[in-house]
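Worksheet: the structure to be examined is printed underneath.
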Amino acid sequence: MKKSKKHERGLHELYREDPLKADREIWGRIADPISRRGFLRKSGLLTMMGILGAEIPFAQLMPEGLIPAPLAYANEPFVIPGKHPELSILNDRPINAETPPHLLDDPITPAARMFVRNNGLPPEAVNPANWTLTIGGESVEREVTFSLAELKSEFKHHTLQLQLECGGNGRSEFYPPASGNQWTTGAIACPTWTGAKLGDVLRVADIRQDAVYVAYYGADRHLSGDPDKTVISRGVPLEKALENESLIAWAMNGEDIPPLHGAPMRMVTAGWPGSTCGKWVKRIVIRNQVHDGPKMTGKSYRVPCNPVEPGAKVADSDFCIIESMPVKSLITYPRSGLQLAGTKQLQVRGHAWAGDLAVKAMQISIDFGASWQSCELKPARNRLAWQQWRGSVQFPQKGYYEIWARATDDQGTRQPMVMPGWNPKGYLNNACHRIAVKVV
Ligand SMILES: Nc1nc2c(c(=O)[nH]1)N[C@H]1C(S)=C(S)[C@@H](COP(=O)(O)O)O[C@H]1N2
Ligand SMILES: [Mo]
Numbered sequence: 006m007k008k009s010k011k012h013e014r015g016l017h018e019l020y021r022e023d024p025l026k027a028d029r030e031i032w033g034r035i036a037d038p039i040s041r042r043g044f045l046r047k048s049g050l051l052t053m054m055g056i057l058g059a060e061i062p063f064a065q066l067m068p069e070g071l072i073p074a075p076l077a078y079a080n081e082p083f084v085i086p087g088k089h090p091e092l093s094i095l096n097d098r099p100i101n102a103e104t105p106p107h108l109l110d111d112p113i114t115p116a117a118r119m120f121v122r123n124n125g126l127p128p129e130a131v132n133p134a135n136w137t138l139t140i141g142g143e144s145v146e147r148e149v150t151f152s153l154a155e156l157k158s159e160f161k162h163h164t165l166q167l168q169l170e171c172g173g174n175g176r177s178e179f180y181p182p183a184s185g186n187q188w189t190t191g192a193i194a195c196p197t198w199t200g201a202k203l204g205d206v207l208r209v210a211d212i213r214q215d216a217v218y219v220a221y222y223g224a225d226r227h228l229s230g231d232p233d234k235t236v237i238s239r240g241v242p243l244e245k246a247l248e249n250e251s252l253i254a255w256a257m258n259g260e261d262i263p264p265l266h267g268a269p270m271r272m273v274t275a276g277w278p279g280s281t282c283g284k285w286v287k288r289i290v291i292r293n294q295v296h297d298g299p300k301m302t303g304k305s306y307r308v309p310c311n312p313v314e315p316g317a318k319v320a321d322s323d324f325c326i327i328e329s330m331p332v333k334s335l336i337t338y339p340r341s342g343l344q345l346a347g348t349k350q351l352q353v354r355g356h357a358w359a360g361d362l363a364v365k366a367m368q369i370s371i372d373f374g375a376s377w378q379s380c381e382l383k384p385a386r387n388r389l390a391w392q393q394w395r396g397s398v399q400f401p402q403k404g405y406y407e408i409w410a411r412a413t414d415d416q417g418t419r420q421p422m423v424m425p426g427w428n429p430k431g432y433l434n435n436a437c438h439r440i441a442v443k444v445v
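If you're matching positions, the sequence shown starts at 6 in my numbering and goes up one per residue.
Here it is in structure tokens:
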């Protein structure tokens, strides 16, 4: 785990060097020498609102080159431009950052609060006007190439709310520890995505009978600097790619996809490990075999096909590719560590999701899982979007409590209360989320 390094610059440093340039980079503010307030475009305003967690009625009156107060006083060594200062940075090259649960309270995750998982370095100087996407591979009749404008004009637009969770979310709790980003609970987000159905685009290339897998190649750069090395190239079986919810998206939450999240276009195959959702996608291949690109084979995004003892050595041939993510939930309110005056009722809420499935029931416990009570659970806005739940608890006396949350999917599978099956790379931890409350 690398911590803040010299070559990545913090917010304060950016502002000290050139406040107007910092404004432009972080908020996309266009300088205006006459008003001295510049012009905050809608995307920048949305970012700022996402970070501050509220509307900003006087946003257009805010002076140029000014760091909003909560960020100015946050004293963070390194803040990712466009991101909430409280995201935890797990690695800064490549950038990997996760979101604390209390910042994920919105039903639709704002861009500023969305985790970032990069395996390499994002492409530089992306120009959407000359970006192209090619559909090729062994199992197409003909290779086809689209510009972004063609994708937008030739295909029906679909907007769906879709969850994205990293396969390694929860890795930090495995013992013996697994190497990789030590995600706790925050590598999950559920924004809305707008784009074309992946299936509609793939069909233009005429999919051959022998097609089995669909995989992406992105424009990000390998950490080694070798331009011929592919950072990551993963995918999904054809049936998953052709689902109604699989998209080639060009917008997130109604705005252009932010650079860190794959601008100008990315794949979204929700419910499966986030690694199947290729960012900065340039080429999609339809394969006549299970895709074998970097991070498809060996131990990457694969788990032992049968349960193993913690710490066991497992041969690569005994690993299976992770498909749907397991049932899981998060408590987003209150924030863990709450001090509650008196034993009155406390409202609790959060989200629940279950990979390709829906969540059928949500329960919470204040007695370490000895008893559970049901919560109110909303249906998803559409398939593969997380669901909101709420409940309330009453504490019998003063003292330390934990609130545990447990979701059940529509096939009856429940989240485990303790760690699920250990695996060498620490994937698929869906143990119950818990928060601490002190009644004083
Ligand atoms: N081209 C490319 N696509 C990628 C990645 C990457 O490093 N390069 N990371 C993947 C992984 S492992 C995850 S979890 C998601 C993270 O998406 P986000 O950064 O938008 O949250 O993107 C996936 N798509
Ligand atoms: Mo991931």
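For glycine and all other residues, C-beta sits at the position ideal for the given N, C-alpha and C.
These numbers come from a predicted model, not from an experiment.
- Rounded to the nearest angstrom, the gap between the Cα atoms of Pro384 and Gln368 is 15 Å.
- Beyond the five residues adjoining it in sequence on each side, Arg29 comes within less than 8 Å, by CB distance, of Ile35, Ala36 in the same chain, given in chain order.
- Asn258 places its beta carbon less than 8 Å from that of Pro196.
- When only Cα atoms are considered, Gly279 and Gln402 end up about 42 Å apart.
- Here DSSP, grouped into helix, strand and coil, assigns Asn135 to helix.
- Those residues having their beta-carbon less than 5 Å away from any non-hydrogen atom of ligand 2 are, in chain order, Arg122, Cys171, Gly279, Ser280.
- Under DSSP, Tyr406 takes part in a beta bridge, and its partners are Val442.
- Distances between the C-beta of Trp136 and the heavy atoms of ligand 1 are all 7 Å or more.
- Secondary-structure assignment with DSSP links Arg226 through a beta bridge to Leu126.
- In terms of Cα proximity to Arg307, the closest of Arg292, Gly316, Pro315, Asp323 is Asp323.
- In the three-state DSSP reduction, Arg34 falls in the coil class, being neither helix nor strand.
- Across the set Leu228, Leu108, Arg288, Ile100, the C-alpha of Arg288 shows the shortest separation from the C-alpha of Phe151.
- By alpha-carbon distance to Ile193, the top candidate from Leu167, Ile371, Arg411 is Leu167.
- Contact annotation: Ile253 and Ala201 have beta-carbon atoms nearer than 8 Å.
- Contact between Gly283 and Tyr338 is ruled out by a C-beta separation of about 33 Å, above the 8 Å threshold.
- The DSSP-derived three-state label of Asp414 is strand.
- Met424 is positioned such that its CB atom lies no closer than 8 Å to that of Trp409.
- With a threshold of 16 other beta carbon atoms within 10 Å, Leu92 meets it and is buried.
- Contact between Ile237 and Asn101 is ruled out by a C-beta separation of about 13 Å, above the 8 Å threshold.
- Judged by the Cβ position, Asn124 qualifies as a neighbour of ligand 1 at the 7 Å threshold, a heavy atom of the ligand being closer than this.
- Look at Met53 here: in three-state DSSP terms it is helix.
- The beta strand (DSSP E) runs lying completely inside the segment 267-298 and spanning 3 residues or more are 271-273, 286-292, given in chain order.
- At the C-beta level, Glu407 and Gly396 stay beyond 8 Å of one another.
- Shortest Cα-Cα distance from Ser341 to any of Pro429, Ile291, Ala441, Arg292 involves Ala441.
- Taking the Cβ of Val236 as the reference point, at least one heavy atom of ligand 1 falls within a distance shorter than 7 Å.
- At a threshold of 7 Å, Trp285 counts as near ligand 1, since its beta carbon sits closer than that to one of the ligand's heavy atoms.
- In the three-state scheme derived from DSSP, where H, G and I count as helix and E and B as strand, His89 is classed as coil.
- Beta-bridge partners assigned by DSSP to Met257: Trp198, Glu260.
- Rounded to whole angstroms, the gap between the alpha carbons of Ala390 and Ser334 is 12 Å.
- Here the alpha carbon of Ala116 sits roughly 31 Å from the alpha carbon of Asp297.
- DSSP places Val332 outside both helix and strand once states are collapsed to three, so it counts as coil.
- Ranking Gln378, Ile212, Trp377, Ala412 by CA distance to the CA of Gln392 puts Ala412 first.
- Of the other Cβ atoms in all chains shown, fewer than 16 fall within 10 Å of the Cβ of Gln416; this residue is therefore exposed.
- Look at Gly142 here: in three-state DSSP terms it is coil, with no helix or strand label.
- In the structure shown, the three-state DSSP call for Gly240 is strand.
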